[in-house]
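I have placed the structure first, in the form of structure tokens, so that the comments after it can refer back to it.
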Amino acid sequence: MAWFGKTVALGALVTVGALWGGSVSPGAPLAQARSGAAMSSTIATSWVAVQPLPEAREHMAVAAGRNGRIYAFGGDLNSADYTTTFIYYPGLNRWFQGAPMPTARRSARAVTLPDGRIVVLGGSTACTNNYSCTALATVEIYNPTTNTWATAAPMGTARYDFAASLGKDGRVYAMAGLIGNQVLSSVEAYSPTINTWSPVVSMPREALSLASSVDSHGAIIAVGGENYGPNGNNELTDTSIYDGVSWKSGAAMPTGRLELAATTGPDGQVYAIGGVRYGAFLSTVEVYSPTINSWSSGVSLPQPLCCTGAAALPWGIYVVGGATSGVTSQVLYLPFGQPAGSPTPTPTGPPTSTPTPTGVTATATPTGTPPPTATATATPFATAVVTFLPAVSPTPTRVSATPTVTPSVLPTPSPTATPLPTSSVTATPFPTAISTAG
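Our numbering applies: residue -6 is where the sequence shown begins, and numbers increase by one.
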């Protein structure tokens, strides 16, 4: 696999010296992955453990940024719900901490908008267990460019353990889920341009703890979950496809599962990852091909995993946190080949100006030690340092209650909830580092 001008084996992680603010171009590679353009068919035969989360978490909202980074929001540990924003830089194999969410919650969903902002919606709090919680209609939008949050219009129906994806019309769809003891089939769509939610066609049946992703044509594909049958909970094998007008049924997933994660890989296929079946955690991964409407077996996880989050970048799939024998901080990565014809990533230094967001009436202003203002000197790509990670152990260390890494105190204050921003800005404050590159 060619990466940064060097040929490296799949399963290796590339660390580029002095790539402090570096990122992939948010344009061509990501657009290519979504368009179904030619991709390398090479997929690694095993998952690779990369730098773990600073703290163990499950039920996080996870999304891929259009800047080539992975974002993980909130989640829970030992009955406590969190507001944290963790940001993973693949080129550095390192996690950073962004401004915290205004609302602590678990079982929310995160969806990246075309302009790069990330919508975190719904979720729950005050749980006595995951089926006895206060459902939230809260919607908050994170701006990676300014490292700030804004409050958007709430959903029409509070819900958690639901699915959410970006439709081809640019709206965010919230599907099914749970409120109290009521399992939902309702679907509503959020328009970022007018900050409004509208009901749309309901799913074919009620479901909770399902997952969803989007195919290369923009159709939403919702998979798995459960509903309450006459003999108790019923793990679903459903593949439900929404084309923007109506729902139709796709081929049944081979293994019924709930509390799974789903994401669309660089190859345009939808990956159903881990989850729970009959009370047992699953390590299996099943792969749906939208073009031929069929399922196949994927690369299994190194151990059973539920309640995790997944997101894909053009070079692979990341699985973040979750629960094994206990809540874990592990982050797994399934490498793919480099997107065909993708541009070389361009390193950038920290910003030298203060962001001036437009359309936001009140934002949090970072304090503390500012990032350096001198232009970073990037190491040429030809001299990239390639660090090979150790092989994934079949019995990796689990994190149950004690976080493995203690994050440093954020230099930014807790932001005040604000009206929805109407435009984006170009300045990029660099978040505070909270872990050591591994």
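A virtual CB, placed ideally from N, CA and C, is assigned to each residue, including glycine.
When the options are compared against residue i, the one with the closest alpha-carbon
i: Y433; options: V41, N227, E133, A54; result: Only positions -6 to 431 of the chain appear in this structure, which leaves residue 433 out of reach.
i: Y183; options: V313, T150, Y75, N286; result: T150
i: S72; options: S39, R98, Q44; result: R98
i: E435; options: T257, D208, S178; result: This structure gives no information on residue 435, because the portion of the chain shown stretches from -6 to 431.
i: T230; options: W288, T321, R62; result: W288
i: P192; options: R110, G237, D208, A92; result: G237
i: V194; options: E181, V324, L201, A204; result: E181
i: E279; options: L159, V207, M246; result: M246
i: T76; options: A42, A37, E48, Q175; result: E48
i: D74; options: F89, Q90, G61, M94; result: M94
i: S202; options: P185, T186, C120, L253; result: L253
i: S206; options: G160, T186, R152; result: G160
i: V313; options: V41, I36, A65; result: A65
i: P137; options: L171, T248, Q90; result: Q90
i: I172; options: A128, I134, T186, V324; result: A128
i: A204; options: P185, V324, G249; result: G249
i: T139; options: S290, A92, W88, T96; result: A92
i: G67; options: W40, W88, G61, T96; result: T96
Continuous beta strand (DSSP E) stretch holding residue i: start and end
i: T127; result: 125 to 128
i: R87; result: 87 to 91
i: W40; result: Neither: W40 is in no beta strand (DSSP E) and is coded neither H nor E.
i: R59; result: Neither: R59 is in no beta strand (DSSP E) and is coded neither H nor E.
i: R102; result: 102 to 105
i: P328; result: 324 to 328
i: A316; result: No beta strand (DSSP E) holds A316; DSSP gives it neither H nor E.
i: A255; result: 254 to 257
i: S282; result: 278 to 282
i: Y82; result: 78 to 82
i: V112; result: 111 to 114
i: W308; result: First-last for W308: undefined, no H or E at that position.
i: I266; result: 263 to 266
i: T232; result: 232 to 235
i: S289; result: 287 to 290
i: S242; result: 240 to 242
Neighbourhood of residue i by C-beta, 8 angstroms cutoff - its chain only, sequence neighbours within 5 removed
i: P147; result: A130, T131, V132, W190
i: S233; result: M196, P197, I214, A215, V216, W240, K241, S242, G243
i: S276; result: G267, S293, L294, P295, Q296, P297, L298
i: R102; result: A54, V113, L114, G115, G116, F155, A156, A157, A167
i: F274; result: G267, G268, P297, L298, C299, A316, T317
i: T186; result: G163
Own chain residues within Cβ distance below 6 angstroms of residue i, not counting five before or after
i: G309; result: Y326, L327, P328, F329
i: A212; result: I234, D236
i: A304; result: V55, A56, A57, I63, T256, Y311
i: V320; result: A49, E51, L70
i: T284; result: none
i: S100; result: H52, G116, S117, Y153, D154
i: S282; result: Q262
i: P383; result: Only weak support exists for where P383 lies, its pLDDT of 34 falling under 50; the value from the coordinates is given anyway. Nothing meets the Cβ criterion.
i: C120; result: C126
i: I36; result: F329
i: I441; result: A query on residue 441 cannot be resolved here, the shown segment of the chain reaching from -6 to 431 and no further.
Neighbourhood of residue i by C-beta, 7 angstroms cutoff - its chain only, sequence neighbours within 5 removed
i: P107; result: G163
i: E199; result: A169, V176, L177, S178, N220
i: T38; result: V292
i: N286; result: G243, A244
i: W40; result: V292, L294, P295, L325, Y326, L327, V385
*Would you check if the segment 81 to 90 and the segment 111 to 121 touch, i.e. whether three or more CB-CB distances between them fall below 8 angstroms?*
no
_List, from N- to C-terminal side, the beta strand (DSSP E) runs of 3 residues or more that fit wholly inside the segment 136 to 222._
141 to 144, 156 to 159, 165 to 172, 175 to 184, 189 to 193, 204 to 207, 213 to 216, 219 to 222
*Does the segment 137 to 146 come close enough to the segment 157 to 173 that 3 or more CB-CB pairs lie under 8 angstroms?*
no
*Validate contact between the segment 295 to 308 and the segment 261 to 275 using beta carbons, cut 8 angstroms, 3 pairs*: yes
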